[in-house]
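To keep things clear, I will list the structure first and then write my remarks on it.
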Ligand code: CTP
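Below, the structure written as structure tokens:
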């Protein structure tokens, strides 16, 4: 199901060059099933035309508090009734100041004051000096204290040629924030550490031993945990995936690199989710130079030494995080997964059959814990990840109560 199905969003544009990015946001939000009512300030119409936004949203664009198209002539009331959120993007310095003071001198500012319990999300976009000005910072703090949620801003190159904080989020980031806004915050305030992807063990500088893990499940869990309000660190083996928005990624290659990165982070984590397909062995006689074919074509003799068990080491930490393991099996899932949970000493282990998950966008998870086993229905990996995050939040709460 699209992520914003049945959601109606009132999208307010104020004056700023970032208006051009919002056309793409409208498109993408619609692809996710959202219905979008666009409201523009007079300044916004200097940067992008209402025609563009009407064509993209497929709905009338609203500009004027006196617009007679509203039967009761109350567009400032009607638009937010039944809406799921008001998103202001870009939010200019001037508009944030208006919000902070409750000014209502055009349609968009009036509907913000009149919106009642409809949530307000604002994506600032301005020059870095304007963003850092004490008055702007005061106004932003006030708007947040009044309940608005801030989306960004980001740091980077600005249209004016300067570099710094104040850039509006990119369309895909705005979309990720919008989708995340509607997810329950079951992990708010927690720090979650996740491993994902394969590991890669060097034979020589150009050859490696790895496995077929795509990293999709671990990345989906990282996204779901971030959406649930957690601060997420993802220690990832080599994958072709982009880091989910808002997630801090640490890239590693070998199991020993992963072990080192995880052990440095684990004491600061509340939850550790070990999704990576970690190699059990590394080549102990890896060559520092590229191996050459020999005249008799004999393959070089590789010697192996065991890798550390990352999950077992984290689970053994005194006062360590709540640990969640994974077991990807080809057969006897229940037997293997249950034994693995006990062997690794973790409260929750997630089992799946390789043939249901490998290289796929869907999966079929079974959760093993002290209270028994629960099978989730086959689902896209993000849906399964959100269900798992829910179960982890419950488990975490229970373990805190028992401590
Ligand atoms: N794991 C780990 N470090 C390792 C091996 C595994 O952290 N060196 C973690 C995986 O991330 C997963 C769980 O342990 O959460 C089970 O991994 P798996 O490879 O299925 O189990 P193994 O202990 O390696 O057992 P086997 O290969 O015999 O199935």
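Numbering (the working numbering), first residue to last: 9 to 411. The beta carbon of each residue, even a glycine, is placed where N, CA and C say it ideally should be. Note that the coordinates shown come from a computational prediction; the quantities given were computed from them, not determined experimentally.
Cα-Cα separation, residue i to residue j
i, j, result
"residue 48", "residue 128", "16 Å"
"residue 151", "residue 181", "21 Å"
"residue 34", "residue 62", "10 Å"
"residue 335", "residue 355", "14 Å"
"residue 324", "residue 401", "21 Å"
"residue 222", "residue 282", "15 Å"
"residue 83", "residue 376", "53 Å"
"residue 350", "residue 220", "26 Å"
"residue 37", "residue 183", "6 Å"
"residue 393", "residue 232", "6 Å"
"residue 404", "residue 248", "31 Å"
"residue 106", "residue 142", "15 Å"
"residue 167", "residue 409", "51 Å"
"residue 390", "residue 290", "32 Å"
"residue 196", "residue 398", "12 Å"
"residue 279", "residue 330", "5 Å"
"residue 110", "residue 92", "21 Å"
"residue 170", "residue 55", "20 Å"
"residue 364", "residue 198", "31 Å"
"residue 395", "residue 348", "22 Å"
"residue 307", "residue 301", "8 Å"
"residue 122", "residue 250", "40 Å"
"residue 117", "residue 32", "23 Å"
Bridge partner(s) assigned by DSSP for residue i
i, result
"residue 48", "21"
"residue 444", "Absent from the structure is residue 444, since the part of the chain shown begins at 9 and ends at 411."
"residue 157", "129"
"residue 330", "279"
"residue 171", "165"
"residue 242", "202, 257"
"residue 96", "20, 130"
"residue 312", "291"
"residue 383", "374"
"residue 216", "210"
"residue 252", "Per DSSP, none; premise fails for residue 252."
"residue 70", "47"
"residue 388", "370"
"residue 307", "Partner(s): none; residue 307 has no beta bridge."
"residue 285", "206"
Chain-order list of residues whose beta-carbon lies under 6 Å from that of residue i (same chain, five-residue window excluded)
i, result
"residue 172", "136"
"residue 24", "98, 100, 133"
"residue 11", "40, 187"
"residue 185", "159"
"residue 119", "84, 87, 88"
"residue 52", "21, 22, 23, 27"
"residue 258", "243, 269"
"residue 96", "20, 130"
"residue 333", "282, 319, 352, 354, 357"
"residue 165", "171"
Check: residue i C-beta below 7 Å from any heavy atom of ligand 1
i, result
"residue 55", "no"
"residue 284", "yes"
"residue 342", "no"
"residue 203", "yes"
"residue 318", "yes"
"residue 428", "The question about residue 428 has no answer here: the residues shown for the chain are numbered 9 through 411."
"residue 223", "no"
"residue 333", "yes"
"residue 233", "no"
"residue 315", "yes"
"residue 336", "yes"
"residue 393", "no"
"residue 263", "yes"
Same chain, Cβ closer than 7 Å to residue i, five either side skipped, listed in chain order
i, result
"residue 1", "As shown, the chain starts at 9 and ends at 411. That puts residue 1 outside it, with no answer to give."
"residue 388", "369, 370"
"residue 144", "101, 104, 138"
"residue 72", "115"
"residue 205", "221, 223, 226, 244, 245, 246, 247, 284"
"residue 271", "321"
"residue 252", "227, 230, 231, 234"
Close-in-space but distant-in-sequence residues of the same chain around residue i (CB under 8 Å, 5 per side omitted)
i, result
"residue 374", "341, 342, 345, 358, 359, 360, 381, 382, 383, 384"
"residue 292", "311, 312, 313"
"residue 67", "43, 44, 45, 46"
"residue 90", "16"
"residue 80", "86"
"residue 362", "336, 337, 338"
"residue 178", "29, 162"
Any non-hydrogen atom of ligand 2 within 7 Å of residue i CB
i, result
"residue 350", "Among the ligands modelled here, namely ligand 1, ligand 2 does not occur."
Chain B contact for residue i (CB, 8 Å cutoff)
i, result
"residue 153", "The structure shown contains no chain B, having only a single protein chain."
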